[in-house]
Amino acid sequence: MKIEWNRQSLWIIIAGVVLVLVFYILGQRVILAPYQEEVVEKEAILTQEQKILSAIENNQKGTEREQILTSRTIQQELPVIPLMDQLLIGLDRAENATTSIINSMAISDSESVIPIIATENNREENGVNNGEEENLNEDVVDEPVEDEAERLIEGLHTLQFTLDVTSENYDEMVSFMSEIQSLSRVIQIESIQFDAPESENELGYSIVMNSYYQPLYASLANEAPQYHYGGSPNKVDPFTMEQWDDPNQRVSTTTEKVDEEEIVDEGNRDSEEEEEEPSESEIESQL
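If you use the numbering used here, the sequence shown corresponds to residues 598 to 884, in order.
Next comes the structure, spelled out in structure tokens:
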């Protein structure tokens with residue numbers, strides 16, 4: 598049987614192929630593509646959620662240790678005890694890092710008075726507004742508002758250092774100041790006063806600086822930075838009062854030592870006399 602292809606059947610076949618291709622492309626882009634994109638998004642969200650979950654688990658494991666480290670880190674800047682060793686070591690390092698010499702040092706301890714500037718929000722809460730003041734100026738006498746109020750922060754103490762320093766030149770002074778400001782402890786330099794130079798190679802000046810500590814939280818003193826030193830080689834501190842608690846006992850021990858020394862000296866003298874006597878008798882026998 599012979600199949601005859603006419604023009605109409607050929608166009609029908611071509612149209613069918615085109616329709617199949619169109620449906621395939623539309624199916625890929627309209628139906629499958631959104632689902633594929635949604636799958637990719639879900640996989641990305643799942644990966645992100647897994648990372649967050651692992652981070653939360655790690656944080657829960659180290660929560661207590663992080664709290665201790667946080668407290669210790671804060672006390673590097675603002676301890677709960679004076680922690681004079683930290684400041685003195687820092688000053689010594691600043692002195693050694695530059696050609697500066699600290700000639701004298703004075704330290705004072707007092708409670709801190711910090712100036713606090715009142716904000717506009719606080720003024721609005723207190724009913725202080727320029728427009729309201731103009732409207733009520735005739736009937737009500739406004740109370741004066743302080744722009745800056747000095748308040749005593751509860752428990753905060755200030756350690757004030759007055760240093761008398763000598764440096765070779767201005768650059769060394771700047772280096773000394775930079776070393777002080779680079780310390781982890783909170784330090785505020787209040788003033789610098791220059792002295793009359795005694796020579797061209799010396800620059801004398803005085804520094805007043807403040808550092809702070811908060812004894813209100815003294816229960817955290819065990820988490821403050823600690824500095825350990827070697828024991829003294831059997832040396833007695835003459836300024837301690839323990840050795841002077843019983844002065845009579847110390848006097849009695851010294852007198853006993855003196856008596857023993859006198860007895861030993863007398864015994865030595867008697868033995869020497871006994872040794873000398875037989876030598877004289879021998880001389881007489883020989884004569």
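C-beta atoms are modelled at their ideal positions from N, C-alpha and C, and glycine is treated no differently.
query                                                                                                                    : result
Nearest residue (CA-CA) to Gly-801, options Gln-790, Tyr-809 and Ser-808                                                 : Gln-790
Test item: CB-CB of Ser-953 and Leu-813 under 8 Å                                                                        : Since the first and last residues shown for the chain are 598 and 884, residue 953 lies out of range.
The beta strand (DSSP E) enclosing Ser-781, as first and last residue numbers                                            : No beta strand (DSSP E) contains Ser-781, which DSSP labels as neither H nor E.
Residue(s) in a DSSP beta bridge with Asp-706                                                                            : Leu-756
Classification of Glu-638 by the beta-carbon crowding that lies within 10 angstroms, buried from 16 upward               : exposed
Neighbourhood of Ser-705 by C-beta distance below 6 Å, restricted to the same chain and skipping five residues each side : Gln-757
Close beta carbons around Gln-785, own chain, < 7 Å, minus the five adjacent residues each side                          : Met-806 and Asn-807
Straight-line Cα distance separating Gln-657 from Ile-628                                                                : 44 Å
Assigned exposure category for Pro-794 - 16 Cβ within 10 Å defines buried                                                : exposed
Asn-807: first and last residue of the uninterrupted beta strand (DSSP E) it sits in                                     : 800-810
Neighbourhood of Leu-607 by C-beta, 7 Å cutoff - its chain only, sequence neighbours within 5 removed                    : none
Residue interval of the alpha helix (DSSP H) (run including Ile-609)                                                     : 604-623
Inter-residue spacing [alpha-carbon to alpha-carbon] between Leu-623 and Arg-604                                         : 28 Å
Per-residue burial, Pro-631 [other beta carbons within 10 Å of its own, 16 or more giving buried]                        : exposed
Beta carbon of Ile-678 nearer than 8 Å to that of Ala-821                                                                : yes
Distance, Thr-763 Cα to Met-681 Cα                                                                                       : 22 Å
Identity of the residue in Asp-792, Arg-782 and Ser-803 nearest Glu-674 by Cα                                            : Arg-782
Inter-residue spacing [alpha-carbon to alpha-carbon] between Ile-649 and Glu-634                                         : 23 Å
Alpha-carbon to alpha-carbon, Ser-796 and Glu-787                                                                        : 27 Å
Secondary structure of Asn-766, DSSP reduced to three states                                                             : coil
Proximity below 8 Å, CB of Asp-768 to CB of Ser-803                                                                      : no
Among Leu-684, Asp-792, Val-771 and Val-615, nearest to Ser-823 - alpha-carbon criterion                                 : Per the sequence shown, the amino acid found at residue 823 is Gln instead of Ser. It is Leu-684 whose Cα lies nearest to the Cα of Gln-823.
Distance between beta carbons of Thr-695 and Ser-772, contact taken as under 8 Å                                         : 5 Å
Rounded distance between the beta-carbons of Glu-765 and Arg-690, thought under 8 Å                                      : That belief does not hold up - the Cβ atoms of Arg-690 and Glu-765 are roughly 18 Å apart, past 8 Å.
Helix, strand or coil at Glu-751 [DSSP, three-state]                                                                     : strand
Exposure label - Met-774; buried when at least 16 CB within 10 Å                                                         : buried
Host alpha helix (DSSP H) of Ile-628 (start-end)                                                                         : Ile-628 -> no alpha helix (DSSP H), and no H or E assigned at all.
Beta-bridge pairing of Ile-699 - partner residues as DSSP gives them                                                     : Val-762
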